[in-house]
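Have a look at the structure below, then the notes.
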Amino acid sequence: MKKIIKTALIWAVMLLPIAAIAMPLAYVEGVHYKPTAKRLATSDKDIVEVVEMFSYSCPHCFRFEPQVMEWKKTLPENVKFVQVPAIFRDSWLQLAKVYYTAEKMGELEKLQPLIFNAIHVDKRRLQTEDQLLDFVAEQGIDREVFAKEMKSMSVTRKVKEALL
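Here's what the structure looks like:
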């Protein structure tokens, strides 16, 4: 039995390079991929817009965030980096509201790493509006002002856009 397994393994290793030879050297438009019908519109045609969909609840986003922030510092002037909170489930809706509220109030740079760490390092449940408002207040931000801004038309509009 061991001899059969050993022989099969040797054959598999010997045949592996043949599969690599069969791979195309370059991707061909229309064969390996389809181009988008048209370029997506940006606010300025001279600006390249890089959009990152993320969630504070996503462990991959948490691990990737420090690299994204370092990379963001190296972008040329004609590149605009935009983060959009993904809303794939109901529990992520409040997190999106917090993101846009913090952005509106100029607190995003302060709050973003704290929210990620609270969820992924401290294992805090930050899903309900009350839990999130308590957390924001702990960071020295006025709870009532933040709560009012969370319900503002501009935050509501941005959350609706993120849902599209």
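For what it's worth, my numbering labels the leading residue of the sequence shown as 523, then goes sequentially.
Here a beta-carbon is modelled for each residue, glycine too, at the ideal position from N, C-alpha and C.
As the structure is a computational prediction, the values presented were derived from the model and not from experiment.
Sequence-distant residues of the same chain with beta carbon closer than 7 Å to residue i, five excluded per side
{"i": "residue 583", "result": "576 and 577"}
{"i": "residue 647", "result": "653"}
{"i": "residue 618", "result": "607, 609, 681 and 684"}
{"i": "residue 573", "result": "604 and 606"}
Helix, strand or coil at residue i according to DSSP, with G and I counted as helix
{"i": "residue 570", "result": "strand"}
{"i": "residue 627", "result": "helix"}
{"i": "residue 607", "result": "strand"}
{"i": "residue 599", "result": "coil"}
{"i": "residue 621", "result": "helix"}
{"i": "residue 591", "result": "helix"}
Supposed close pair residue i, residue j - CB separation, criterion 8 Å
{"i": "residue 672", "j": "residue 623", "result": "5 Å"}
{"i": "residue 663", "j": "residue 629", "result": "6 Å"}
{"i": "residue 579", "j": "residue 641", "result": "6 Å"}
Alpha-carbon to alpha-carbon, residue j and residue i
{"i": "residue 587", "j": "residue 557", "result": "29 Å"}
{"i": "residue 567", "j": "residue 645", "result": "42 Å"}
{"i": "residue 659", "j": "residue 625", "result": "16 Å"}
{"i": "residue 634", "j": "residue 620", "result": "10 Å"}
{"i": "residue 614", "j": "residue 534", "result": "46 Å"}
Any non-hydrogen atom of the ligand HEM closer than 7 Å to residue i Cβ
{"i": "residue 596", "result": "The ligand content of the structure shown is nil, which means the ligand HEM is not present either."}
Next on the checklist: Quick check on the DSSP output: what are the complete alpha helix (DSSP H) runs of length 4 or more inside the stretch 647 to 674, in order along the chain?
Outcome noted: You should have 651 to 660 and 665 to 672.
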